[in-house]
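What follows is a single structure, written as structure tokens, with notes after it.
2 protein chains.
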Amino acid sequence: MYENGYVPPILTVDNVIFQIIDGHLSVLLIKRSQEPFKGIYALPGGYCAAGETTRAAMGRILETKAGIDVTKLKLTEQLYSFDTVARDPRGHAVSITYMGLGKDLMIHDSETVQSPEFFRLSDLPKLAYDHKAIIKYAHERLQSKLSYTNAVFALLDQFFTLTQLQTVYEAILCRRLDKRNFRKKILTLDLVHDTNERLQDGAHRPARLFRFNKQALESLSRNFD
Amino acid sequence: MYENGYVPPILTVDNVIFQIIDGHLSVLLIKRSQEPFKGIYALPGGYCAAGETTRAAMGRILETKAGIDVTKLKLTEQLYSFDTVARDPRGHAVSITYMGLGKDLMIHDSETVQSPEFFRLSDLPKLAYDHKAIIKYAHERLQSKLSYTNAVFALLDQFFTLTQLQTVYEAILCRRLDKRNFRKKILTLDLVHDTNERLQDGAHRPARLFRFNKQALESLSRNFD
DNA sequence: ACAAAAGTGTTAAGAATACACCCATGT
DNA sequence: ACATGGGTGTATTCTTAACACTTTTGT
């Protein structure tokens, strides 16, 4: 096929899609319909063929296998490439993994969809391949991105309260933060600005609504943490 | 070749090999002997075939095309994977890039070697493909690794003076550091320990020789910078 | 009036920065 | 004696961390 009898490895793309659901960091999984690992949950992934970029493959796979509208992902980032010699029964494969972040990601049912579902990171089912390790890696990357970039914006609506923002940080960092110190830090980072709107959602004082100054990934001048 | 007529993209591995030469961060380049970019300098790279891990391909390519003994690399790290649709004249390719660090890396001449040479980062020749951008990316990664890991060990001998250590930091961070603050910081980081040896190399007070506490990559408890 | 979440300031400890002189050696 | 790089301490500023009460609303 290629010159000199060169045969490339199989190339696959696996995707770690995160969103916050009810204040918990959650990841998108599908249930495998075929061997290997039939009936076991796995990250949505698939082949990447010649002529298709890995990012395009990511989008196609998410749309067809998981029913996710990729235009709703506010941030995507390549994580790592794994060699899978002698692990994947289909032979030598290289898998490129991507992370995607969004807010209110909906799963659209279709014929090609393979039982997609979001699971809390704290409550994952048994996973195929080494996908558990890949999710752990993605989570660590997300944690560190949070501390030196404005990446949180991708997990929130355009308008949000500082409490909602803090909840997202806490869900990802897996620890409680001090409310006063958190607000002080966020405001000095120049990450957000006050809109003069309020959110009234219960029997308590209404909360100020904020917006992000940027809706694109940037490095922060100082660390958050 | 594969089931369902699946044709994978070409997979290549490109390598950014750094070492410090005369106090300057330097990168390994080869001169391309064939089109495309014949006669132009490039990162040493090549095909990765089915059955060969990308790391194995890295080693093979460095040995054959650049005459580098890969066992002398004290640290290797995968950087990123680039899609090269419509950029590489050979068709759609995916390139996985690795960074390698060492000290006193020698180039061994052989028949297969393609004019390998180390160039100072501050004085690079014209480069093929987007290899300039890849080197920039690697340099940034190295800078940030330096601040939160013990990665410097890979660029120094086992025994070294604090001035040599500082010189390496300065070469990579591209800025001068305060000698007293640097030493204070390094010692509190618990990165190195004093051997009771001295290095006498000129008409001045002999310098204490230090060793790293660990010769494997670790995260630091606090940031260096 | 009570419940529930929003909002707000001060103090203490630790980390980062700025800065200048003496020391040990070879020639 | 002098030239060369090695080695050392303090004061200031900034950052982080710890900590509890008042405000605004709905019921």
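For the record, the sequence lines run as chains A and B. In terms of the working numbering, the first sequence opens at residue 1 and continues consecutively. In terms of the working numbering, the second sequence opens at residue 1001 and continues consecutively. We treat Cβ as the ideally placed atom computed from N, Cα and C, and that holds for glycine.
Own chain, CB closer than 7 Å to residue i, minus 5 neighbours either side, in chain order
i: residue 1021 (chain B); result: 1118
i: residue 1033 (chain B); result: 1114
i: residue 163 (chain A); result: 207
i: residue 1172 (chain B); result: 1025, 1142, 1143, 1146
i: residue 190 (chain A); result: 213
i: residue 156 (chain A); result: 103, 164, 165, 168
i: residue 1192 (chain B); result: 1186, 1210, 1211, 1212, 1213
i: residue 1183 (chain B); result: 1162
Test: residue i CB closer than 9 Å to a CB of chain B
i: residue 47 (chain A); result: yes
i: residue 11 (chain A); result: yes
i: residue 83 (chain A); result: yes
i: residue 78 (chain A); result: yes
Contacts of residue i in chain A (Cβ-Cβ under 7 Å)
i: residue 1092 (chain B); result: 50, 51
i: residue 1186 (chain B); result: Here the premise fails: no neighbours, minimum Cβ distance about 20 Å.
Buried or exposed (CB count within 10 angstroms, at least 16 for buried), residue i
i: residue 1008 (chain B); result: buried
i: residue 1159 (chain B); result: exposed
i: residue 1200 (chain B); result: exposed
i: residue 59 (chain A); result: buried
i: residue 1071 (chain B); result: exposed
i: residue 1054 (chain B); result: buried
i: residue 1006 (chain B); result: exposed
i: residue 1057 (chain B); result: buried
i: residue 1112 (chain B); result: exposed
i: residue 19 (chain A); result: buried
i: residue 1204 (chain B); result: exposed
i: residue 1012 (chain B); result: buried
Among the options, nearest to residue i - alpha-carbon criterion
i: residue 1145 (chain B); options: B:1038, B:1076, B:1055; result: B:1076
i: residue 1170 (chain B); options: B:1004, B:1099, B:1100, B:1224; result: B:1224
i: residue 1196 (chain B); options: B:1203, B:1104, B:1209, B:1186; result: B:1209
i: residue 1083 (chain B); options: A:49, A:19, A:205, A:153; result: A:49
i: residue 1104 (chain B); options: B:1023, B:1051, B:1136, B:1112; result: B:1023
i: residue 1139 (chain B); options: B:1046, B:1203, B:1187, B:1101; result: B:1101
i: residue 153 (chain A); options: A:73, A:130, A:13; result: A:73
i: residue 132 (chain A); options: A:218, A:107, A:165, A:29; result: A:29
i: residue 95 (chain A); options: A:16, A:167, A:123; result: A:16
i: residue 1211 (chain B); options: B:1122, B:1018, B:1186; result: B:1186
i: residue 218 (chain A); options: A:179, A:183, A:149, A:176; result: A:149
i: residue 1215 (chain B); options: B:1151, B:1004, B:1092; result: B:1151
i: residue 1134 (chain B); options: B:1123, B:1122, B:1120, B:1099; result: B:1099
Neighbour flag for residue i against chain A, beta carbons, 9 Å
i: residue 1008 (chain B); result: yes
i: residue 1019 (chain B); result: no
i: residue 1096 (chain B); result: yes
Neighbourhood of residue i by C-beta, 8 Å cutoff - its chain only, sequence neighbours within 5 removed
i: residue 1110 (chain B); result: 1064, 1067
i: residue 1126 (chain B); result: 1040, 1041
i: residue 1069 (chain B); result: 1063, 1105, 1106, 1108
i: residue 1198 (chain B); result: 1206, 1207, 1208, 1209
i: residue 1161 (chain B); result: 1199, 1207, 1208, 1209, 1210
i: residue 176 (chain A); result: 170
Residues that residue i contacts on chain A, provided the C-beta gap is smaller than 9 Å
i: residue 1064 (chain B); result: Here the premise fails: no neighbours, minimum Cβ distance about 15 Å.
Own chain residues within Cβ distance below 6 Å of residue i, not counting five before or after
i: residue 80 (chain A); result: 97
i: residue 1038 (chain B); result: 1032
i: residue 14 (chain A); result: 43, 45, 95, 97
i: residue 107 (chain A); result: 67, 116
Contact list for residue i against chain B, beta-carbon separation under 8 Å
i: residue 54 (chain A); result: 1081, 1083, 1094
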